[in-house]
Amino acid sequence: MASTKTCFVTVGATASFHDLVKGVLASSFLKALQSHNYTDLVVQYGVDGKQTFESAVKAAGSSGIQISGFELEKAGLGKYMRLAKGSGKETQEGVVISHAGSGSILDALRQQIPIIVVPNASLLDNHQVELAEALAEQEYVVHGKLENLVKALENAEQLRQRQKEWPPANSGVHRQAKAVGLRGILDEEMGFLD
Amino acid sequence: MAPHLSFPIALVYIIILLIPLLTLRLLAILPPNRPPPAKRKRGTPTRLLIVLGSGGHTAEMLAMLRNAEASGLRWKDYTHRTWVVSSGDSVSADRAKGFETEVAANCSGSRVKDHALGISLMDSPEKPRAGEDVVGSYDIAILPRARRIHQSLLTTPISALYCLYHCFRILSSLPASQYPDLILANGPATATILILASLILRFFDIRGASKRGTMRTVYVESWARVNRLSLSGKLLVRVVDRFLVQWPGLEGVGGRGEFLGVLV
Numbered sequence: 001m002a003s004t005k006t007c008f009v010t011v012g013a014t015a016s017f018h019d020l021v022k023g024v025l026a027s028s029f030l031k032a033l034q035s036h037n038y039t040d041l042v043v044q045y046g047v048d049g050k051q052t053f054e055s056a057v058k059a060a061g062s063s064g065i066q067i068s069g070f071e072l073e074k075a076g077l078g079k080y081m082r083l084a085k086g087s088g089k090e091t092q093e094g095v096v097i098s099h100a101g102s103g104s105i106l107d108a109l110r111q112q113i114p115i116i117v118v119p120n121a122s123l124l125d126n127h128q129v130e131l132a133e134a135l136a137e138q139e140y141v142v143h144g145k146l147e148n149l150v151k152a153l154e155n156a157e158q159l160r161q162r163q164k165e166w167p168p169a170n171s172g173v174h175r176q177a178k179a180v181g182l183r184g185i186l187d188e189e190m191g192f193l194d
Numbered sequence: 001m002a003p004h005l006s007f008p009i010a011l012v013y014i015i016i017l018l019i020p021l022l023t024l025r026l027l028a029i030l031p032p033n034r035p036p037p038a039k040r041k042r043g044t045p046t047r048l049l050i051v052l053g054s055g056g057h058t059a060e061m062l063a064m065l066r067n068a069e070a071s072g073l074r075w076k077d078y079t080h081r082t083w084v085v086s087s088g089d090s091v092s093a094d095r096a097k098g099f100e101t102e103v104a105a106n107c108s109g110s111r112v113k114d115h116a117l118g119i120s121l122m123d124s125p126e127k128p129r130a131g132e133d134v135v136g137s138y139d140i141a142i143l144p145r146a147r148r149i150h151q152s153l154l155t156t157p158i159s160a161l162y163c164l165y166h167c168f169r170i171l172s173s174l175p176a177s178q179y180p181d182l183i184l185a186n187g188p189a190t191a192t193i194l195i196l197a198s199l200i201l202r203f204f205d206i207r208g209a210s211k212r213g214t215m216r217t218v219y220v221e222s223w224a225r226v227n228r229l230s231l232s233g234k235l236l237v238r239v240v241d242r243f244l245v246q247w248p249g250l251e252g253v254g255g256r257g258e259f260l261g262v263l264v
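Protein sequence lines correspond, in order, to chains A and B. Take the first sequence: its position 103, counted from the start at 1, is 103 in my numbering, and no numbers get skipped. Take the second sequence: its position 56, counted from the start at 1, is 56 in my numbering, and no numbers get skipped.
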């Protein structure tokens with residue numbers, strides 16, 4: 001049996017992101033997925049993304065990629081993250097495409113799944129672009145642009161070869177004296193005698 | 001003829017006199033003039049209030065609390081936890097419950113009191129039975145949203161006021177029948193309103209809120225903020241007792257930002 005390889009797309013729980021849903025269902029992107037041996041595309045399309053998703057699937061026609069979608073998952077996206085991570089022979093490691101919400105980025109970083117981060121430009125302010133840029137600069141993620149998801153996918157396939165650990169091994173090292181983290185601050189502010 | 005002091009002019013004088021007084025009061029309860037926390041022994045009853053937001057804020061909060069636990073934070077020192085979630089955000093409420101279940105499971109032989117099962121969220125906690133080793137207790141309090149994503153900026157003040165009203169209720173009428181000792185928050189707008197509510201209670205020293213040194217505040221700027229503060233961050237940087245940032249570019253921001261490395 002041929003092994004499966006999953007691309008998991010998430011737009012988050014709070015805001016809609018129709019352009020990303022349409023983007024990953026564009027025929028050019030589906031072709032790119034096929035050429036990188038992907039078999040499955042799973043889209044979490046969010047609260048009001050169902051229609052966008054369904055019409056885009058219809059427009060895409062048959063593509064050779066198994067496409068499925070869902071609105072939200074109350075229990076968290078862990079299950080889908082693991083699907084994208086793959087487990088060895090029968091399921092290869094795929095990729096996560098995220099709307100740049102910090103929750104999904106953190107999940108992917110911790111599990112070391114290659115992740116493409118596509119900031120949602122329609123939100124109040126797009127600080128997520130800065131996060132995407134900062135993380136891409138340090139080669140933790142691929143900063144994807146809506147207009148060029150195919151290129152982002154190629155970059156993600158390369159990122160896979162040099163996936164880094166999270167949390168960063170040297171985090172706080174130059175702060176050893178204060179390496180108390182949040183625990184230290186909370187204990188201090190609570191006034192605990194030690 | 002003696003000048004007659006009309007009512008509007010008298011009012012203006014009173015206001016002009018009040019401004020420096022109010023300013024002095026505000027300066028006295030804000031950092032750096034606020035007195036340091038009173039020392040207390042571990043094991044004495046404490047109340048920690050944790051504000052969860054939607055999606056990413058909740059994920060970050062739980063991630064950093066797990067890291068804090070991994071680096072030695074003992075939940076039994078924080079004897080009562082109040083988790084504040086926005087109305088309609090059952091995902092966050094479930095994740096808070098899940099977190100408490102983990103806390104209980106990690107402390108084998110002990111258990112956490114769950115007050116979150118019923119609809120009445122303002123119940124007073126049951127007393128732990130004698131001989132029972134309890135990892136403290138918790139409750140989940142629900143706040144109406146201060147601002148929905150994409151909500152018009154025009155109607156935001158109204159929903160924010162409604163949210164403020166509920167903040168007072170949560171801060172002053174919850175289980176331990178005392179104000180929280182510590183409020184831990186990251187980015188969501190509800191957190192800003194809640195901290196504003198705590199500030200008002202302390203400003204007027206309502207039921208000793210200020211004198212007893214209650215409601216110290218720790219704000220953690222979102223990991224998603226690399227170079228610029230969020231709106232919540234900008235509003236709170238001079239207000240909270242500790243202001244933590246997670247990217248070196250924000251260290252020292254507003255003269256306050258503390259960078260201790262990535263916390264999530």
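All residues carry an ideal CB built from backbone N, CA and C; glycine is no exception.
A distance below 8 Å separates the beta carbons of LEU62 of chain B and ARG95 of chain B. Closest option to GLY49 of chain A, judged by alpha-carbon separation, among A:VAL9, A:ASN37 and A:ILE105: A:VAL9. In the structure shown, GLU221 of chain B adopts coil according to DSSP, grouped into three states.
Going by C-alpha positions, ALA121 of chain A is about 39 Å away from LEU27 of chain B. Of the candidates B:ARG169, B:HIS57, B:ALA191 and B:ALA189, the residue whose Cα lies closest to the Cα of LEU106 of chain A is B:HIS57.
Listed along chain B are ARG40, ARG42 and ASP77, each with a C-beta nearer than 7 Å to that of PHE192 of chain A. The three-state secondary structure of CYS107 of chain B, taken from DSSP, is coil.
Excluding five sequence positions before and after GLN163 of chain A, the CB atoms of its chain that fall closer than 7 Å to its own CB belong to GLN112 and PRO114, given in chain order. The C-beta of HIS150 of chain B comes closer than 8 Å to at least one C-beta of chain A.
Inclusion of GLY53 of chain B and ALA191 of chain B in the CB contact set at 8 Å is warranted, their separation being smaller than that value. Contact between the stretch 247-255 of chain B and the stretch 210-227 of chain B is present: 3 or more CB-CB pairs across the two stretches fall below 8 Å. By the rule that beta-carbons nearer than 8 Å mark a contact, ARG183 of chain A touches chain B. Under the Cβ distance rule, ALA84 of chain A does not count among the residues neighbouring chain B, no pair being separated by less than 8 Å. Counted as a single uninterrupted DSSP element, the beta strand (DSSP E) harbouring LYS5 of chain A occupies residues 4-10.
Under the Cβ criterion of 8 Å, VAL95 of chain A is not counted among the residues facing chain B.
At a Cβ-Cβ threshold of 8 Å, ALA152 of chain A and VAL141 of chain A do not count as neighbours. Assigned with DSSP and collapsed to three states, ASP139 of chain B falls in strand. When the beta-carbon positions are compared, ARG216 of chain B and LEU263 of chain B stay at least 8 Å from each other.
When rounded, the separation of the alpha-carbon atoms in LEU236 of chain B and LEU33 of chain A is 45 Å.
ARG34 of chain B is positioned such that its CB atom lies closer than 8 Å to that of ASP241 of chain B.
Under the three-state reduction of DSSP output, LEU41 of chain A falls in the strand class.
If you draw a straight line from the Cα of PHE17 of chain A to the Cα of VAL43 of chain A, it comes to about 12 Å. Within the stretch 129-158 of chain A, GLU130, LEU131 and ALA134 place their CB atoms closer than 7 Å to a CB of chain B, listed in sequence order. Neighbours of TRP247 of chain B in chain A, taken as residues whose beta carbon is under 8 Å from its own, are ALA134 in chain order. Judged by DSSP secondary structure, PHE29 of chain A falls outside any beta strand (DSSP E) and instead within the alpha helix (DSSP H) spanning 27-35.
Under DSSP, ILE185 of chain A shares a beta bridge with no residue. Secondary structure of TRP166 of chain A (DSSP, three-state): coil.
Here THR91 of chain A carries a strand assignment [DSSP, helix/strand/coil]. Counting only unbroken stretches of 4 or more residues, the alpha helix (DSSP H) elements lying wholly within the stretch 28-80 of chain B are 55-70, in sequence order.
In the structure shown, GLN51 of chain A falls within a helical segment according to DSSP collapsed to helix, strand and coil. The beta-carbon of GLU71 of chain A is placed no less than 8 Å from the nearest beta-carbon of chain B.
With a threshold of 8 Å between beta carbons, LEU25 of chain A makes no contact with chain B. Under the criterion of beta carbons closer than 8 Å, VAL150 of chain A and ILE116 of chain A do not qualify as touching, at roughly 11 Å. If you check the CB distance, GLU189 of chain A and PRO37 of chain B come in under 8 Å.
Neighbours of THR155 of chain B across chain A, judged by C-beta separation under 7 Å, do not exist; the nearest C-beta is about 15 Å away.
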